[in-house]
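The opening residue of the sequence shown carries number 758 in our numbering; numbering runs sequentially from there. All remarks here apply to the structure that follows.
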Amino acid sequence: MAGVTAPETAETADRPLILTVDDDPSVSRAVARDLRRKYGEGHRIVRAESGKDALEALREVKLRGGRVAVLLADYRMPEMSGIEFLEQAMDLFPRARRALLTAYADTDAAIAAINVVDVDHYLLKPWDPPEEKLYPVLDAMLESYAREPDTATTEVKVVGHRWSQPSFTTRDFLARNAVPYRWYSADSAEGERILAAAGEDGERLPVVVTPDGRALVEPAMTDLAAAVGLATAPVDEFYDLVVIGGGPAGLGAAVYGASEGLRTLLVEKRATGGQAGQSSRIENYLGFPDGVSGAQLADRARRQAVKFGTEILTARHAASLKVRGSALSVCLGDGAEVGAHTVIVATGVYYRELECPGAQELTGRGVFYGSASTEAANCVGRDVYIVGGANSAGQAAVFFSRTAKSVTLVVRGDGLEASMSHYLIEQLRAIDNVSVKTHTVVDAAHGAEHLERLTLRCTRSGDAEEVEASHCFVFIGAQPRTDWLEGTIARDSRGFILTGPDLLVDGQRPAGWALDRDPWLLESSIPGVFVAGDVRAESVKRVASAVGEGAMAVTLAHRFLAGP
Ligand SMILES: Cc1cc2nc3c(=O)[nH]c(=O)nc-3n(C[C@H](O)[C@H](O)[C@H](O)COP(=O)(O)OP(=O)(O)OC[C@H]3O[C@@H](n4cnc5c(N)ncnc54)[C@H](O)[C@@H]3O)c2cc1C
758 MAGVTAPETA ETADRPLILT VDDDPSVSRA VARDLRRKYG EGHRIVRAES GKDALEALRE
818 VKLRGGRVAV LLADYRMPEM SGIEFLEQAM DLFPRARRAL LTAYADTDAA IAAINVVDVD
878 HYLLKPWDPP EEKLYPVLDA MLESYAREPD TATTEVKVVG HRWSQPSFTT RDFLARNAVP
938 YRWYSADSAE GERILAAAGE DGERLPVVVT PDGRALVEPA MTDLAAAVGL ATAPVDEFYD
998 LVVIGGGPAG LGAAVYGASE GLRTLLVEKR ATGGQAGQSS RIENYLGFPD GVSGAQLADR
1058 ARRQAVKFGT EILTARHAAS LKVRGSALSV CLGDGAEVGA HTVIVATGVY YRELECPGAQ
1118 ELTGRGVFYG SASTEAANCV GRDVYIVGGA NSAGQAAVFF SRTAKSVTLV VRGDGLEASM
1178 SHYLIEQLRA IDNVSVKTHT VVDAAHGAEH LERLTLRCTR SGDAEEVEAS HCFVFIGAQP
1238 RTDWLEGTIA RDSRGFILTG PDLLVDGQRP AGWALDRDPW LLESSIPGVF VAGDVRAESV
1298 KRVASAVGEG AMAVTLAHRF LAGP
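Here it is, written out as structure tokens:
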């Protein structure tokens, strides 16, 4: 800390601070010495010689999530008086106890100031002996602070706007990567304090403050991932197996690959868990009779993959795939290349977007794709709409019915039976605040700052109605995003990757296939590149099948490594 004396060590970092500021260096040293003598064991004693330096130090403490118990400020300082300093310090640490150090001649002014800035005490200088004149006052202040202390935060702090897509994306990214964080609305008192400490005026949000006190403004996902300790760069240049995509199929492949001794790298664009990570409750996955939340399943699978030695890159994506002689090369978004003997593509699918006026503008501000479980708290007492009639929509309806006033499923077809599992339909029937609107589509989304209303249209009568809605979660089918493989790997007309027998046309192997055998079951049109999960043409869109295909792809990778 510039202009401040108080070395922070690992030992002292989480102790509450006592800060003293006095422009006279000899007095400043003497105060700090007296404080250290009695309070040095349980507290960090920090001294500064100007209000500006002291505030700078406090901002740093704030960003690091530290606590400040007591502030002692000299009344008469040249650039910033003790009163001015305490006033500004209060904005950062409102719970810190405050005292003014004054000379006898300034007593009246100091007493008057006590009323202005709510100072707890004033201390006359010099105070010898401290046992009589300093410590009893400090003891009282520390006692009062201990009754109502700040809580130290070691988590990541996110300050943002409640209804903003970038703020939502940041929170969602941290939540889905199991990074603990604390959310502060930019217009809350604490949010304002953190922004002030970071030197930001709130124009650019979100601001993310890491536990070591770094402030990131509107961070890119890769920068955010790196700042919160997620790996973003590969350790090696070459791997036995590179898995692209960290959903159930990719995690399954990583667990089996690494546990069977393959040097395995998994590259995930956003957050491990994929679609399954967004599921509020998966009830039909083997071995979980009471169901399991997608987040839990993803967390366990990720830890399992890491335990076996998988290296996981987060917030990195595969941008192209090349064949280099007998090896393969995966190019990442920033142009970096990673070599591999074998590759498993497990990039899954993405939700189709709602195509109606207002939907794009209100995305992240009431319109969400997937269940966005971080929004549950914002749905309390509100009217929530869920568009879609498959299991994912049903699970979301069960989940949000716990907090929302009402949940309405908007379904294009004439019921749920054709698209949703029987057990979920039964669950929904038993919930009072859930209803289903069939033969209905969303025609428009309205709202200024946030979604306020939806226009729903009956596809039979053509009648439209406007309904109040604070949240609309969209589950209207999914599509693969495999454009990055265009011209490299054979895909079907919808972009799903063809594998095994599906690659044979009239018994002919795919163009460019040089081996003297047909492609194996999960093998793509490039030998040694396997495909698992939802992205594979004709795959069953289920967690269990994705995990199973991931495991099976590893077996085929072994076979390939043994000799194509
Ligand atoms: C809300 C919801 C509830 C569901 N509930 C159930 C259920 O109860 N039971 C059930 O069996 N199934 C359920 N499903 C379906 C199931 O989640 C999917 O079938 C399964 O997740 C598919 O796994 P996957 O690994 O193939 O793909 P995904 O889960 O889609 O994962 C693919 C991953 O690849 C990443 N990726 C994409 N492109 C790239 C790239 N270029 N580079 C790097 N990474 C990339 C994505 O970010 C993603 O994380 C549900 C789905 C949803 C959305």
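C-beta: ideal position from N, C-alpha, C; glycine also. Please read all numbers here as calculations on a predicted model, not as lab measurements.
beta-carbon residue i near ligand 1 non-hydrogen atom, thresh 7 Å
i: Lys-1026; result: yes
i: Thr-1104; result: yes
i: Trp-1241; result: yes
i: Pro-1046; result: no
i: Asp-1220; result: no
i: Gln-1035; result: yes
i: Arg-1238; result: yes
i: Asn-934; result: no
i: Lys-1298; result: yes
i: Val-1049; result: no
i: Ala-1303; result: yes
i: Ile-1233; result: no
i: Ser-1149; result: yes
i: Gly-1138; result: no
i: Glu-836; result: no
i: Tyr-1013; result: no
i: Ala-1006; result: yes
i: Tyr-1042; result: yes
i: Ile-1039; result: yes
i: Gln-1061; result: no
i: His-1074; result: yes
i: Val-827; result: no
i: Ile-1001; result: yes
i: Gln-1053; result: no
i: Gly-1252; result: no
i: Leu-1292; result: At residue 1292 the sequence reads Val, which differs from the Leu that was named. It does: the Cβ of Val-1292 is within 7 Å (strictly closer) of some heavy atom of ligand 1.
i: Gln-751; result: As displayed, the chain neither begins before 758 nor continues past 1321, which places residue 751 out of reach and without an answer.
Residue i Cβ short of 7 Å to ligand 3 heavy atom set
i: Thr-1216; result: In terms of ligand content, the structure shown lacks ligand 3 and carries ligand 1 instead.
Same chain, Cβ closer than 6 Å to residue i, five either side skipped, listed in chain order
i: Pro-1267; result: Ala-1247, Leu-1260, Ser-1282
i: Pro-937; result: Glu-912
i: Val-985; result: Val-913, Val-936
i: Ala-1201; result: Cys-1113, Pro-1114, Gly-1115, Thr-1212
i: Ile-1188; result: Ser-1158
Supposed contact pair residue j and residue i - C-beta distance, whole angstroms, cut 8 Å
i: Met-898; j: Phe-930; result: With 8 Å as the limit, Met-898 and Phe-930 do not qualify as a contact, their Cβ atoms being about 41 Å apart.
i: Ile-1233; j: Val-1144; result: 6 Å
i: Leu-891; j: Val-825; result: Not really, about 18 Å apart at Cβ, beyond 8 Å.
i: Phe-1287; j: Glu-1280; result: 6 Å
i: Leu-1085; j: Leu-1078; result: 7 Å
i: Tyr-1126; j: Val-1198; result: Actually they do not touch by this definition, with Cβ atoms about 16 Å apart.
i: Gly-797; j: Gly-1007; result: Going by Cβ atoms, the distance from Gly-797 to Gly-1007 rounds to 52 Å, so no, they are not a contact pair.
Limits of the unbroken beta strand (DSSP E) element including residue i
i: His-878; result: 878-881
i: Leu-895; result: No beta strand (DSSP E) contains Leu-895, which is instead part of the alpha helix (DSSP H) from 892-904.
i: His-1203; result: 1197-1203
i: Ala-972; result: 972-974
i: Arg-1186; result: That residue, Arg-1186, is in no beta strand (DSSP E); its alpha helix (DSSP H) goes 1179-1186.
i: Ala-1076; result: 1075-1081
i: Val-1286; result: 1286-1288
i: Ser-1068; result: It is Glu, not Ser, that sits at residue 1068 in the sequence shown. Its beta strand (DSSP E) spans residues 1068-1071.
Same chain only: Cβ atoms within 7 Å of residue i, ignoring 5 sequence neighbours per side
i: Pro-835; result: Asp-780
i: His-1301; result: The sequence shown places Ala at residue 1301, rather than the His named in the question. Only Tyr-1042, Leu-1043 meet the Cβ criterion.
i: Val-818; result: Leu-774, Val-825
i: Ala-1033; result: Gly-1004, Pro-1005, Ile-1039, Gly-1051, Leu-1054, Ala-1055, Val-1300
i: Ala-759; result: Annotation note: pLDDT 45 at Ala-759 (below 50); position unreliable, no value reported.
i: Arg-772; result: Gly-799, His-800, Arg-801
i: Pro-782; result: Glu-806
i: Val-1049; result: Ile-1039, Tyr-1042
i: Gln-1236; result: Val-1106, Tyr-1107, Arg-1109, Arg-1251, Gly-1252
i: Gly-1172; result: Thr-1195
Unbroken alpha helix (DSSP H) run spanning residue i, endpoints
i: Lys-1064; result: 1051-1064
i: Thr-1216; result: Thr-1216 -> no alpha helix (DSSP H), and no H or E assigned at all.
i: Val-1300; result: 1300-1318
i: Ala-946; result: 946-954
i: Ile-1254; result: Unbroken run through Ile-1254: none, as it is neither H nor E.
Check your understanding: In chain order, which continuous runs of the beta strand (DSSP E) of length 3 or greater are located wholly inside the region 1087-1170?
Key -> 1094-1102, 1124-1126, 1140-1144, 1163-1167
Point to revise | Minimum length 3: unbroken beta strand (DSSP E) runs contained in the region 787-867 | key: 801-805, 825-831, 854-859
**Study point:** Whole runs of the beta strand (DSSP E) within the region 915-942, excluding any shorter than 3 residues
**Key:** 938-942
Point to revise | Every unbroken beta strand (DSSP E) within the region 976-1031, with a cutoff of 3 residues, ordered by chain | key: 995-1001, 1021-1025
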